[in-house]
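Notes follow the structure.
Protein chains: 2
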Amino acid sequence: MDLTRSPLALPFPAMPPIDGVTLRIARARYKAWDRCDLTYVELAEGTTIAGLFTKNVCCSSEVELGREQARLGRARALVVNAGNSNAFTGWRGREAVEQIMAQVAAHLGCEPSEVFVCSTGVIGVPLPTDRAQEGIAAALDAPGCSWEDAALTIGTTDTFPKGAMAQAMVGGRRVTLAGIIKGSGMIAPDMATMLGYIFTDAAVEPAFLQYCLSAVNERTFQCITVDSDTSTSDTVLAFATGRAGNVPLASVDDAGADAFAAALHDVCRQLAQLVVRDGEGASKFITIGVTGAETDESARRIGLSVANSPLVKTAIAGGDANWGRVVMAVGKAGEPADRDRLSIGFGGHWTAREGQPLADYDEAPVAEHLKGREVQIAVDLSLGDGRAEVWTCDLTHGYIAINADYRS
Amino acid sequence: MDLTRSPLALPFPAMPPIDGVTLRIARARYKAWDRCDLTYVELAEGTTIAGLFTKNVCCSSEVELGREQARLGRARALVVNAGNSNAFTGWRGREAVEQIMAQVAAHLGCEPSEVFVCSTGVIGVPLPTDRAQEGIAAALDAPGCSWEDAALTIGTTDTFPKGAMAQAMVGGRRVTLAGIIKGSGMIAPDMATMLGYIFTDAAVEPAFLQYCLSAVNERTFQCITVDSDTSTSDTVLAFATGRAGNVPLASVDDAGADAFAAALHDVCRQLAQLVVRDGEGASKFITIGVTGAETDESARRIGLSVANSPLVKTAIAGGDANWGRVVMAVGKAGEPADRDRLSIGFGGHWTAREGQPLADYDEAPVAEHLKGREVQIAVDLSLGDGRAEVWTCDLTHGYIAINADYRS
Numbered sequence: 107m108d109l110t111r112s113p114l115a116l117p118f119p120a121m122p123p124i125d126g127v128t129l130r131i132a133r134a135r136y137k138a139w140d141r142c143d144l145t146y147v148e149l150a151e152g153t154t155i156a157g158l159f160t161k162n163v164c165c166s167s168e169v170e171l172g173r174e175q176a177r178l179g180r181a182r183a184l185v186v187n188a189g190n191s192n193a194f195t196g197w198r199g200r201e202a203v204e205q206i207m208a209q210v211a212a213h214l215g216c217e218p219s220e221v222f223v224c225s226t227g228v229i230g231v232p233l234p235t236d237r238a239q240e241g242i243a244a245a246l247d248a249p250g251c252s253w254e255d256a257a258l259t260i261g262t263t264d265t266f267p268k269g270a271m272a273q274a275m276v277g278g279r280r281v282t283l284a285g286i287i288k289g290s291g292m293i294a295p296d297m298a299t300m301l302g303y304i305f306t307d308a309a310v311e312p313a314f315l316q317y318c319l320s321a322v323n324e325r326t327f328q329c330i331t332v333d334s335d336t337s338t339s340d341t342v343l344a345f346a347t348g349r350a351g352n353v354p355l356a357s358v359d360d361a362g363a364d365a366f367a368a369a370l371h372d373v374c375r376q377l378a379q380l381v382v383r384d385g386e387g388a389s390k391f392i393t394i395g396v397t398g399a400e401t402d403e404s405a406r407r408i409g410l411s412v413a414n415s416p417l418v419k420t421a422i423a424g425g426d427a428n429w430g431r432v433v434m435a436v437g438k439a440g441e442p443a444d445r446d447r448l449s450i451g452f453g454g455h456w457t458a459r460e461g462q463p464l465a466d467y468d469e470a471p472v473a474e475h476l477k478g479r480e481v482q483i484a485v486d487l488s489l490g491d492g493r494a495e496v497w498t499c500d501l502t503h504g505y506i507a508i509n510a511d512y513r514s
Numbered sequence: 107m108d109l110t111r112s113p114l115a116l117p118f119p120a121m122p123p124i125d126g127v128t129l130r131i132a133r134a135r136y137k138a139w140d141r142c143d144l145t146y147v148e149l150a151e152g153t154t155i156a157g158l159f160t161k162n163v164c165c166s167s168e169v170e171l172g173r174e175q176a177r178l179g180r181a182r183a184l185v186v187n188a189g190n191s192n193a194f195t196g197w198r199g200r201e202a203v204e205q206i207m208a209q210v211a212a213h214l215g216c217e218p219s220e221v222f223v224c225s226t227g228v229i230g231v232p233l234p235t236d237r238a239q240e241g242i243a244a245a246l247d248a249p250g251c252s253w254e255d256a257a258l259t260i261g262t263t264d265t266f267p268k269g270a271m272a273q274a275m276v277g278g279r280r281v282t283l284a285g286i287i288k289g290s291g292m293i294a295p296d297m298a299t300m301l302g303y304i305f306t307d308a309a310v311e312p313a314f315l316q317y318c319l320s321a322v323n324e325r326t327f328q329c330i331t332v333d334s335d336t337s338t339s340d341t342v343l344a345f346a347t348g349r350a351g352n353v354p355l356a357s358v359d360d361a362g363a364d365a366f367a368a369a370l371h372d373v374c375r376q377l378a379q380l381v382v383r384d385g386e387g388a389s390k391f392i393t394i395g396v397t398g399a400e401t402d403e404s405a406r407r408i409g410l411s412v413a414n415s416p417l418v419k420t421a422i423a424g425g426d427a428n429w430g431r432v433v434m435a436v437g438k439a440g441e442p443a444d445r446d447r448l449s450i451g452f453g454g455h456w457t458a459r460e461g462q463p464l465a466d467y468d469e470a471p472v473a474e475h476l477k478g479r480e481v482q483i484a485v486d487l488s489l490g491d492g493r494a495e496v497w498t499c500d501l502t503h504g505y506i507a508i509n510a511d512y513r514s
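Chain order of the listed sequences is H and R. Counting the first sequence from 1 gives a position; the working numbering is that position plus 106. Counting the second sequence from 1 gives a position; the working numbering is that position plus 106.
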């Protein structure tokens with residue numbers, strides 16, 4: 107399959123190394139391809155971890171094990187396999203993961219529970235243990251690589267590598283956060299089909315790292331959708347090596363905790379949006395701003411109902427300001443809404459207010475806005491103070507072309 | 107837009123007249139087209155009615171009024187406008203409906219509440235009252251027409267007219283049920299984007315007619331989906347003229363009540379499946395059979411999660427037995443499921459059983475099955491006795507082509 111670079115792609119940003127994090131890549135040849143497909147990240151002793159995992163009940167062994175391991179709060183290594191998700195592979199799949207954990211733990215002299223494994227790709231084929239073993243061995247011998255190389259290696263159907271960084275001052279020390287992510291289809295909250303990793307040199311207690319990551323998740327990864335489908339492998343992990351030397355953050359009241367949380371939010375929002383920018387077949391990046399809902403959560407659900415509507419997504423693909431379809435999607439969300447108070451707009455122009463089309467509605471500036479790559483849809487419910495922003499892409503022939511012939 | 111006949115279309119069946127039902131059609135010219143777009147159905151005195159209405163909270167005035175009228179249980183006429191849904195048009199839209207009700211009521215000498223109005227088409231443009239008035243006047247003068255003519259006239263983006271019939275013996279009398287339906291996109295439960303009408307000469311008390319229609323709905327109209335979108339106008343109405351002369355059915359214990367309910371189920375299932383067969387861009391009719399769920403309702407939700415998954419629908423379009431995507435869709439449904447007891451099959455062949463791919467899985471017969479127009483997906487959860495059947499179509503380039511340029 108020929109995957110051309112998404113027209114919504116952004117260049118890979120300049121990202122500094124993170125003290126205590128070493129990246130290596132290798133060829134495990136999980137598929138018949140000649141590319142690196144195994145990423146190995148070594149983490150300094152004392153690294154803490156927090157995680158977010160798919161809610162799909164048919165999740166992979168990687169997700170089951172990772173969820174348990176993350177509760178222990180300690181990490182020394184991360185292995186990411188690309189090309190095979192190892193999901194729905196029963197005990198064979200679980201053994202493959204445990205073998206990788208044991209191999210790396212023996213090398214580092216750590217607990218297997220400190221070795222995190224993620225796999226992404228086709229469902230239903232047990233990860234070949236011989237290739238994994240050889241791939242790990244090759245990675246352990248490989249030189250360190252760049253963030254961009256690692257971002258490329260964790261990718262599957264991605265058309266561009268995705269990374270983001272932010273910095274913050276924590277207790278007089280500058281801390282850095284760097285993240286990479288993969289994902290382009292099977293994207294919906296809980297979680298998107300994606301594997302995302304954020305690394306920081308800040309010192310953060312595991313419980314507080316989890317608190318921050320979970321809070322940020324609600325306004326970032328939970329606010330994107332490509333096709334409403336939810337993968338069996340989705341995982342976001344945050345690792346904190348502590349090498350910046352700050353007093354470990356343990357609560358929201360600690361000096362610098364706000365700044366750290368804001369930087370984490372910044373990185374996660376960038377990463378989440380990058381996944382949408384690589385949505386399969388995407389030609390337009392759509393921001394849906396919902397205001398006036400009863401609660402923020404209600405606003406988010408209404409935004410996702412609009413974002414997941416095939417009729418809205420195809421209308422945007424066609425450059426059609428079809429606000430009637432937005433009304434439909436608001437109405438089907440199952441959330442409080444009053445038709446006669448509802449307003450819909452595109453690109454800063456209202457097209458309908460309080461349940462009726464605007465009498466003096468001028469379609470020209472709206473049509474012009476819809477020709478661009480970045481489309482804004484505004485939904486105002488006039489019910490309360492709840493608000494949310496949700497990001498998605500349009501639904502095009504490209505999505506069909508990619509997905510009607512992926513596995514074969 | 108050139109709409110070619112769906113490859114899944116069925117020929118219009120032979121359908122007898124229903125005593126007490128007169129069909130007439132006319133040109134109201136709601137759009138710049140030269141076709142009949144107004145359907146007028148006159149119903150004998152004493153006709154009872156039951157209804158199902160969209161749960162979309164941004165529903166049209168037609169739906170708001172129809173829901174109130176149906177509670178009264180009596181009907182003398184039905185008017186269906188095609189080309190303009192009159193949804194999201196505020197007080198102007200409501201006045202247009204009330205004008206139609208008054209005009210027909212004056213003609214028949216009945217209550218306005220006995221005149222049911224439905225509209226389907228573009229959202230956000232008030233129904234032009236002058237055209238409606240002239241259209242009604244023309245229809246009242248028109249000769250009676252066939253079921254097929256009426257089915258064509260209520261259609262919008264439909265590519266073929268849809269009708270179904272059934273008969274039953276009720277208390278020694280043969281009763282006939284005839285139904286017509288329109289709808290091809292914006293199809294999901296609660297309800298599909300559709301307008302459906304069932305007429306019978308049976309005598310049925312309104313409360314029992316509503317009971318039967320609501321029960322049947324759970325296994326028919328609630329089990330279809332094209333694109334997960336839910337219209338602002340969806341309505342199904344059942345009218346019983348009583349001219350067959352049976353003792354009016356009032357409860358499940360009445361002689362013939364079972365036979366009548368079964369015939370109603372038969373007609374509604376046929377009508378629901380016809381809507382899927384005209385799904386926008388559909389090239390394959392997909393039946394998803396879910397067994398072993400905890401409850402029937404849980405089975406239905408799992409079936410709809412599979413049916414609504416763009417990744418499953420595109421895989422079927424591509425003839426790809428991608429059972430991993432079915433696993434994903436089962437897992438994201440939010441219903442009880444145990445990955446390690448889950449089995450997936452296509453066309454009578456299991457591809458995965460109890461959480462793992464079959465060791466001796468032979469893809470050849472499955473690939474052959476997927477080449478056909480009628481695809482069967484089996485999901486067995488091995489948890490309980492809950493079962494459901496759900497119908498959908500594949501997702502193709504045709505869907506994008508139709509929906510990326512509909513309004514303009």
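By construction, the Cβ of each residue, glycine as well, lies at the ideal position given by its N, Cα and C atoms.
Within 9 angstroms, strictly: CB atoms of residue i and residue j
| i | j | result |
| --- | --- | --- |
| R130 of chain H | E148 of chain H | yes |
| C224 of chain H | E174 of chain H | no |
| E495 of chain H | I394 of chain H | yes |
| P434 of chain R | C216 of chain H | Note that residue 434 of chain R corresponds to Met in the displayed sequence, not to Pro. It is not a contact, given that the beta carbons lie outside the stated cut-off. |
| W253 of chain H | F366 of chain H | no |
| A413 of chain R | A405 of chain R | no |
Range of the contiguous alpha helix (DSSP H) that encloses residue i
| i | result |
| --- | --- |
| R177 of chain R | 167-178 |
| W197 of chain R | 196-214 |
| F366 of chain R | 363-383 |
| T259 of chain R | 253-259 |
Residue i - containing beta strand (DSSP E), residue span
| i | result |
| --- | --- |
| S290 of chain R | Neither: S290 of chain R is in no beta strand (DSSP E) and is coded neither H nor E. |
| R493 of chain H | 492-499 |
| L129 of chain R | 127-132 |
| N162 of chain R | No beta strand (DSSP E) holds N162 of chain R; DSSP gives it neither H nor E. |
| E148 of chain R | 144-149 |
| R407 of chain H | Note, R407 of chain H: premise wrong, no beta strand (DSSP E); alpha helix (DSSP H) at 402-413. |
| T420 of chain H | Note, T420 of chain H: premise wrong, no beta strand (DSSP E); alpha helix (DSSP H) at 416-423. |
| A458 of chain R | 455-459 |
Beta-carbon proximity list for residue i, same chain, < 6 angstroms, skipping 5 on both sides
| i | result |
| --- | --- |
| R524 of chain R | Because chain R spans 107 through 514 in this model, residue 524 of chain R falls outside it and cannot be assessed. |
| R101 of chain H | Beyond the ends of chain H as shown, which are 107 and 514, falls residue 101 of chain H; an answer cannot be given. |
| G285 of chain H | A270, I304, V373, L377 |
Proximity test, residue i beta-carbon vs the ligand GTP heavy atom, cut-off 8 angstroms
| i | result |
| --- | --- |
| A507 of chain H | Only the bare structure without any ligand can be found here, which leaves the ligand GTP out of the picture. |
Residues sharing a beta bridge with residue i, DSSP
| i | result |
| --- | --- |
| V310 of chain H | H:L355 |
| D486 of chain R | R:T397, R:S449 |
| Y303 of chain R | R:I286, R:L343 |
| G227 of chain R | R:G189 |
| P218 of chain R | Bridge partners of P218 of chain R: none, in fact. |
| M275 of chain R | R:R280 |
| Q316 of chain H | Note: Q316 of chain H sits in no beta bridge, so no partner. |
| E480 of chain H | H:F391 |
Own chain, CB closer than 7 angstroms to residue i, minus 5 neighbours either side, in chain order
| i | result |
| --- | --- |
| T282 of chain R | P122, I124, M271, Q273, T306, D307 |
| A346 of chain H | T153, T154, T306, A308, A309, V310, L315 |
Close beta carbons around residue i, own chain, < 8 angstroms, minus the five adjacent residues each side
| i | result |
| --- | --- |
| G199 of chain R | S166, S167, N192, A193, P232, L233 |
| V472 of chain H | A427, F452, G453, H455, T457 |
Chain R contacts from the segment 184-195 of chain H (Cβ-Cβ distance under 9 angstroms) | Listed by position along the chain: S191, A193, F194, T195.
Relative to chain H, which residues along the segment 434-449 of chain R have a C-beta separation below 9 angstroms, given in chain order?
-> Contact annotation: in the segment 434-449 of chain R, residues whose CB is within less than 9 angstroms of a CB in chain H are M434, A435, V436, G437, K438, A439, G440, E441, P442, A443, D444, R445, D446, L448.
Listed from N- to C-terminal order along the chain, which residues in the segment 220-235 of chain H have their beta-carbon within a distance smaller than 9 angstroms of any beta-carbon of chain R?
-> Answer set for the segment 220-235 of chain H: V228, I229, G230, V231, P232.
Proximal residues, the segment 356-377 of chain R versus chain H, C-beta separation under 7 angstroms = Taking 7 angstroms as the Cβ-Cβ cut-off against chain H, none of the residues of the segment 356-377 of chain R qualify.
For the segment 396-427 of chain H, enumerate the residues whose C-beta is nearer than 9 angstroms to any C-beta of chain R, in chain order.
-> Flagged, chain order: N414, S415, P416, L417, V418, K419, T420, A421, I422, A423, G424, G425, D426, A427.
Determine which residues of the segment 449-464 of chain H have a Cβ less than 7 angstroms from any Cβ of chain R, and write them out in chain order.
-> Under the 7 angstroms Cβ criterion, the segment 449-464 of chain H contributes A458, G461, Q462, P463.
Please list the residues of the segment 479-512 of chain R that have a C-beta atom closer than 7 angstroms to any C-beta atom in chain H, keeping them in chain order.
-> Hits within the stretch, in order: L501, T502, H503, I506, N509, A510, D511.
Check each residue of the segment 163-184 of chain H: if its Cβ is closer than 8 angstroms to any Cβ of chain R, include it; give the result in chain order.
-> Per Cβ criterion, the list reads V163, C164, C165.
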